[in-house]
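Q: When you read off a place in the sequence shown, starting at 1, and then add 17, the result is the number in this note's numbering. By construction, the Cβ of each residue, glycine as well, lies at the ideal position given by its N, Cα and C atoms. Fair warning: this is a prediction, and the values are worked out from it, not measured in the lab. Please read through the structure below; I'll follow up with questions.
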Amino acid sequence: MNMLDSELVVAALRKSGYELTDNPKEADTVLFNTCSVREHAEHKIYSSLGRLKYAKNNNPSKVIGVMGCMAQKDQELIFERAPHVDLIVGTGQLAEIPRLVSEIRDNREPQMAVSLGRKEGSRDEVSGSFQSYDPLRDPEMRTSPFQAFVRIMIGCDKFCTYCVVPSTRGPEQSRKPSEILQEVRVLADQGVREITFLGQTVNSYKHTEDGRLHRLSDLIAMCHEVEGIDRIKFVTSYPKDMTDDLLQAIRDFPKACRYLHVPAQHGDDDVLAKMKRGYTIAEYREMMHRINETIPGCAVSSDFIVGFCGETEEAHQKSLDIIREFRFKNSFIFKYSERPGTKAHSLYPDDIPEEIKKRRNNEMLDLQNAISAEDNAEFIGTTVEVLTEGISKWGRKAAEEVDPEPGQPLATQLTGRTDCDRIVVFDGNPRLAGSLTKVRVHDCTPTTLIGDIVTGEIQHGSSSMLPILG
Ligand code: 5AD
Ligand code: SF4
């Protein structure tokens, strides 16, 4: 979500005459887009702001701004901690940034635009103060010309006890289906082949338009008709809202990717209840069975929190158990970080020592890596279809080191993903970027399949041979 916000804000500023620079010291405007999910991310922003103090002293006309979740959460506190900051803009006011920056330039007055807190008004008032920011798209601002994020909803109403997002991004609000479809059409005209619908709980999407309730499955059906779009993905899903109509849409619409990111967060029922996730492991298991039955070969990834308040060794083992049981494609693992303003902060002490959090984090990573490596090894010898994204990191580094002979077509290492979201690298011409390429896998790491381009018919065996449940 933050990547999309940054893309859109940069595009808006470019439209009003700004240019991007890599050098924050020379820039006449510096904006930090911020995340509040963990404390560490906020520390990094405050130290980066500190490093700009000298540059601001030297050039008082420099505008320094903080946008996003931390701006909404800390508000004036940012001015207090970093008095050289001129601008604070919450997640719900991004459209105002060009105007506010130019006002600061003209009047040298600090500016702040933030939304209401969740208890500072009626639901409608609070919702109204969080505006979804979805201006026209500028193809030059995307990191990949072939892929684009499309916001379908903002906010979150789930209130997991550890999480700041419901207060930094406000109440759940779904965008109009007709607006989303129009945006996807524009993106397809701009050459986009893969769209990723975004929402904090993307599968909770619902919007009634012209008297008809639209759910995520309906959006998939609508966008499936858009010519030029080859792939449709969505992140992040909430386990309780994984309804059958959605799973059937993934099964029935070939452009819908067989990949779901559905964070389990923990493997122990007591911890899940304390986190207020709203499901038990038995219910999560039932969801996994439905996914596996409806969409054989569907890849599922998860998030986990280790070291949540009061987490016993036994409870931690249960998280490891469900990683073994569900064999996630990959998991993002986070050490619990206490967030002021959350229920967990007021109710439970953050009582697991850092060393134990670290150890549990490493144990979980090692286990997940071993499972990812085993499952990736199953692909060796099969052919997969890859949406080629461009030159891989390794390929870019190699290109800098090797001076290609002038006039020689450059075959370099490319990267892309299967429709199950597995990263694949292979040698090829960078002109393949944006096309669907068949690759025969001959090797792998826990995170990457390594292969060679092939010609001829694709074997779909690769997907069905990899069940989620053993
Ligand atoms: N501490 C650690 N991890 C957190 N997450 C959310 N809040 C916290 C927190 N306070 C994790 C969850 C979520 C992911 C985006 O970040 O796993 O799914
Ligand atoms: Fe945070 Fe829970 Fe909402 Fe996810 S579902 S954004 S973890 S409150």
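Drop a sphere of 10 angstroms on the beta-carbon of ALA130, count the other beta-carbons inside from all chains shown, and report buried for 16 or more, exposed for fewer.
A: Locating residue 130 in the sequence shown gives position 113, where the first residue counts as 1. The residue is buried, with at least 16 neighbouring Cβ atoms inside 10 Å.
Q: Are ILE298 and ASP286 closer than 7 Å when you measure CB to CB?
A: Along the sequence shown, one-based indexing puts residue 298 at 281. Along the sequence shown, one-based indexing puts residue 286 at 269. In contact: ILE298 and ASP286 (Cβ atoms closer than 7 Å).
Q: Whole angstroms is fine: what's the gap from PHE251's alpha carbon to ASN74's?
A: Translated into the one-based positions of the sequence shown, residue 251 becomes position 234. Translated into the one-based positions of the sequence shown, residue 74 becomes position 57. Their Cα atoms are separated by approximately 44 Å.
Q: Can you have a look at THR225 and say buried or exposed, based on whether 16 or more other CB atoms are within 10 angstroms of its CB?
A: Taking the sequence shown and counting its residues from 1, the one referred to as residue 225 is at position 208. Exposed, because fewer than 16 other Cβ atoms sit within 10 Å of the Cβ of THR225.
Q: Taking three-plus beta-carbon pairs below 8 Å as touching, is the segment 37 to 53 in contact with the segment 85 to 99?
A: yes
Q: In this structure, does DSSP put CYS461 in helix, strand or coil?
A: Locating residue 461 in the sequence shown gives position 444, counting from the first residue. Note: CYS461 maps to strand in three-state DSSP.
Q: Let me confirm a value: THR178 is counted as buried when at least 16 other C-beta atoms fall within 10 Å, else exposed. Which label applies?
A: Within the sequence shown, numbered from 1, the residue matching residue 178 stands at position 161. With 16 or more other Cβ atoms within 10 Å, it is buried.
Q: State the Cα-Cα distance for the pair SER479 and VAL401, rounded to the nearest angstrom.
A: As a first step, residue 479 is located in the sequence shown; it is residue number 462 there, counting from the start. As a first step, residue 401 is located in the sequence shown; it is residue number 384 there, counting from the start. A caution first: SER479 carries a pLDDT of 36, below 50, which makes its placement in the model unreliable, though a value can still be read off. Distance between the alpha carbons of SER479 and VAL401: 7 Å.
Q: Do ASN2 and LEU264 have their CB atoms nearer than 7 Å?
A: The first residue shown for the chain is 18 and the last is 487, placing residue 2 beyond what the model contains.
Q: ASN309 to CYS315, Cα distance in whole Å?
A: Taking the first residue of the sequence shown as position 1, residue 309 is located at position 292. Taking the first residue of the sequence shown as position 1, residue 315 is located at position 298. If I take the Cα positions, the gap works out to 7 Å.
Q: Helix, strand or coil: which one does DSSP assign to ALA390?
A: Working through the sequence shown from its first residue, we reach residue 390 at position 373. In this structure, ALA390 counts as helix in the three-state DSSP scheme.
Q: Determine, using beta carbons only, whether PHE343 and MET305 come nearer to each other than 7 Å.
A: Taking the sequence shown and counting its residues from 1, the one referred to as residue 343 is at position 326. Taking the sequence shown and counting its residues from 1, the one referred to as residue 305 is at position 288. Yes, the pair counts as a contact, with Cβ atoms nearer than the cut-off.
Q: Ordered along the chain, which non-local residues of its own chain (more than five positions away) have a Cβ less than 8 Å from that of VAL181?
A: On the sequence shown, position 164 is the one that residue 181 refers to. SER53, VAL54, CYS86, LYS90, ARG356, GLY358 and THR359.
Q: Return the chain-ordered list of same chain residues with a C-beta closer than 8 Å to the C-beta of HIS101, the five sequence neighbours on each side being excluded.
A: For the purposes of this step, residue 101 is taken as residue 84 along the sequence shown, with counting starting at 1. Only LEU66, LEU69, LYS70, LYS73, ASN74 and ILE81 meet the Cβ criterion.
Q: Out of GLU380, VAL201, MET84 and GLY145, which one is the CA nearest neighbour of GLN334?
A: Taking the first residue of the sequence shown as position 1, residue 334 is located at position 317. Residue GLU380 is the option with its Cα nearest to GLN334.
Q: Measure the CB-CB distance between VAL458 and THR399 and report whether it falls below 7 Å.
A: Along the sequence shown, read from residue 1 onward, the residue named residue 458 stands at position 441. Along the sequence shown, read from residue 1 onward, the residue named residue 399 stands at position 382. Contact flag set, yes.
Q: Please list, following the chain, all residues that have a C-beta closer than 6 Å to any non-hydrogen atom of the ligand SF4.
A: CYS173, LYS175, PHE176, CYS177, CYS180, VAL182, PRO183, GLN217, THR218 and TYR255
Q: Flag ASP258 as yes when its Cβ comes closer than 6 Å to any non-hydrogen atom of the ligand 5AD, and as no otherwise.
A: Working through the sequence shown from its first residue, we reach residue 258 at position 241. It does not: the Cβ of ASP258 is nowhere closer than 6 Å to a heavy atom of the ligand 5AD.
Q: Looking at TYR353 and the ligand 5AD, is the gap between the Cβ and the nearest heavy atom below 6 Å?
A: By one-based count along the sequence shown, residue 353 stands at place 336. For the ligand 5AD, at least one heavy atom lies less than 6 Å from the Cβ of TYR353.
Q: For ILE475, which residues in the same chain have their Cβ closer than 6 Å to its Cβ, ignoring the five residues on either side in sequence?
A: On the sequence shown, residue 475 is found 458 positions in, with the first residue counted as 1. Note that ILE475 has pLDDT 44, beneath the 50 cutoff, so the model's placement of it is unreliable and no number is given.
Q: On the three-state DSSP scale, how would you describe ASN40?
A: Here residue 40 refers to the residue found at position 23 of the sequence shown. Note: ASN40 maps to coil in three-state DSSP.
Q: Do you know how far the Cα of ASP436 is from the Cα of PHE321?
A: As a working mapping, residue 321 is identified with position 304 in the sequence shown. As a working mapping, residue 436 is identified with position 419 in the sequence shown. In a straight line, the C-alpha of PHE321 is about 23 Å away from that of ASP436.
Q: Based on Cα-Cα distance, which residue from GLU244, PHE443 and ALA112 lies nearest to SER146?
A: To locate residue 146, count along the sequence shown from 1; it is residue 129. Ranking GLU244, PHE443 and ALA112 by Cα distance to SER146 puts ALA112 first.
Q: Is any heavy atom of the ligand 5AD found at a distance shorter than 6 Å from the C-beta of PRO366?
A: By one-based count along the sequence shown, residue 366 stands at place 349. No - the ligand 5AD has no heavy atom lying nearer than 6 Å to the Cβ of PRO366.
Q: Counting beta carbon pairs with one atom in the segment 210 to 217 and one in the segment 165 to 179, are three or more of them shorter than 8 Å?
A: yes
Q: Can you give, in chain order, each stretch of the alpha helix (DSSP H) that sits fully within the segment 40 to 105 and has at least 4 residues?
A: 56 to 68, 70 to 75, 86 to 91 and 93 to 98
Q: By DSSP, does MET292 sit in helix, in strand, or in coil?
A: What you label residue 292 is simply residue 275 of the sequence shown in a count that begins at 1. DSSP places MET292 in helix when its eight states are reduced to three.
Q: Measuring only the C-alpha atoms, how far is LYS257 from LEU104?
A: Here residue 257 refers to the residue found at position 240 when the sequence shown is read from its first residue. Here residue 104 refers to the residue found at position 87 when the sequence shown is read from its first residue. Using only the alpha carbons, I get a separation of about 39 Å.
Q: Report all residues from its chain with a CB closer than 8 Å to the CB of TRP411; omit the five preceding and five following residues, and keep chain order.
A: In the sequence shown, the residue the question calls residue 411 occupies position 394. GLN430 and VAL442.
Q: Is PRO280 near the ligand 5AD - that is, is its Cβ less than 6 Å away from at least one heavy atom of it?
A: One-based indexing of the sequence shown puts residue 280 at position 263. Flag set: Cβ of PRO280 near the ligand 5AD.
Q: List the DSSP bridge partners of TYR255.
A: Locating residue 255 in the sequence shown gives position 238, counting from the first residue. In DSSP, TYR255 forms no bridge with anything.
Q: Sort out for me which residues DSSP pairs VAL9 with in a bridge.
A: Since the first residue shown for the chain is 18 and the last is 487, residue 9 is missing from the structure and cannot be characterised.
Q: According to DSSP, what are the bridge partners of MET129?
A: One-based indexing of the sequence shown puts residue 129 at position 112. In the DSSP output, where bridge partners are listed per residue, MET129 has ILE105.
Q: Can you determine whether any heavy atom of the ligand 5AD sits closer than 6 Å to the C-beta of ILE237, and answer yes or no?
A: Within the sequence shown, the letter at position 220 stands for residue 237. Outside the cutoff, so no.
Q: Among ARG229, GLU196, VAL118 and GLY134, which residue has its Cα nearest to the Cα of ARG154?
A: Within the sequence shown, the letter at position 137 stands for residue 154. Minimum Cα distance to ARG154 is reached at GLU196.
Q: Return the Cβ separation of ILE312 and ILE249 in integer angstroms, given the expectation that the two are a contact with Cβ distance under 8 Å.
A: On the sequence shown, position 295 is the one that residue 312 refers to. On the sequence shown, position 232 is the one that residue 249 refers to. About 14 Å separates the two Cβ atoms, so there is no contact after all.
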